[in-house]
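The block underneath contains the structure these notes are about, expressed in structure tokens.
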Amino acid sequence: MANLVFVVGGAGAGKTTLAKRVAARRHAALFDMDTLLRPAAEALMAQAGLDPADRDSEAYKRLCRDLGYRITMDAALENVALGTDAIVIGPFSRELNDPAWVSAELSRAGLDAASVTVKAISVYLADEAGYKARIAGRGGGLDRWKLEHWERFKTTLGRREVTWRLLPNAVLYFDNSTASPDRAADEIELFIYGSLQNAD
């Protein structure tokens with residue numbers, strides 16, 4: 000039975016770093032919405048006469064957001080249907096509030112909870128300053144809007160609650176403020192798989 004793992008949370012929480020480490024250890028397929036959507040988002044924003052690096056404005060959300068989730072989930076579900084573990088990275092801010100969302104997504108691919116193990120990891124930081132420091136430290140063009148509109152953007156940060164109808168103990172809330180990347184990845188891997196790949 001394949002694993003479908005969602006690593007969700009706000010920008011700067013470290014969800015991508017954690018997901019990549021675990022995917023590398025377990026040779027799982029990795030689906031990062033930022034990566035998959037980037038070429039289409041840049042083209043759509045440029046065609047609309049907008050900043051192609053914008054990933055946070057209302058214009059971006061209107062033109063690109065839903066497309067990004069559709070591309071990401073279609074690719075992930077196709078792999079899960081083939082028996083490949085899939086780790087999916089994204090904010091999932093709207094989707095997390097819909098208890099039926101995961102079931103509906105599985106159904107789209109002809110899957111159900113009996114054929115896929117679904118888990119969710121909500122990654123967050125203890126305070127706003129941690130988010131801002133990490134985002135500023137990345138120095139990426141995609142973060143420019145966030146920093147320029149910080150008072151507005153910071154309202155999207157914090158721990159994301161997962162309302163999806165999942166099995167007991169299928170959701171982990173992970174404070175990524177202090178643990179080293181390796182120790183944090185160990186905890187995530189144990190949650191998903193119940194063991195460490197290279198444990199002695």
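All letters in the sequence shown, in the order written, are residues 0 to 199 by numbering that gives the first Met the number 0.
Every residue gets a Cβ at the ideal spot worked out from N, C-alpha and C, and that includes glycine.
Check: With burial defined as no fewer than 16 other Cβ atoms inside 10 Å of the residue's Cβ, what is the status of ASN96: buried or exposed?; Outcome: exposed
Check: Taking C-alpha atoms, which residue in ALA23, ASP73, PHE91, LYS14 lies nearest to TYR130?; Outcome: LYS14
Check: Could you work out which residue in THR71, ALA112, PHE152, ILE187 is closest to LEU35 when comparing CA atoms only?; Outcome: THR71
Check: For LEU29, report the span of its beta strand (DSSP E) as first-last.; Outcome: 28-31
Check: Secondary structure at ASP174, three-state DSSP: helix, strand or coil?; Outcome: strand
Check: Secondary structure at THR155, three-state DSSP: helix, strand or coil?; Outcome: helix
Check: DSSP on PHE91, reduced to helix/strand/coil?; Outcome: coil
Check: Where does LEU43 sit, in a helix, a strand or coil, going by DSSP?; Outcome: helix
Check: In the DSSP assignment, what residue or residues form a beta bridge with VAL7?; Outcome: GLY89, SER121
Check: Using alpha carbons as the reference points, say which of LEU17, VAL79, ARG133, ALA135 lies closest to ASP111.; Outcome: VAL79
Check: Exposed or buried, what is MET44 when buried is set at 16 or more other beta-carbons lying within 10 Å of its beta-carbon?; Outcome: buried
Check: Between HIS26, LYS19, LEU105, which has its C-alpha nearest ARG164's C-alpha?; Outcome: LEU105
Check: Count the other CB atoms, across all protein chains shown, that sit within 10 Å of the CB of PRO167; report buried if there are 16 or more and exposed otherwise.; Outcome: exposed
Check: According to DSSP, THR162 sits in a beta bridge with which residue or residues?; Outcome: DSSP, once it has assigned bridges, lists no residue as partnering THR162.
Check: So ARG231 packs on GLN196, CB below 8 Å; how close in whole Å?; Outcome: No information on residue 231 is available, as it lies outside the stretch 0 to 199 that the chain covers here.
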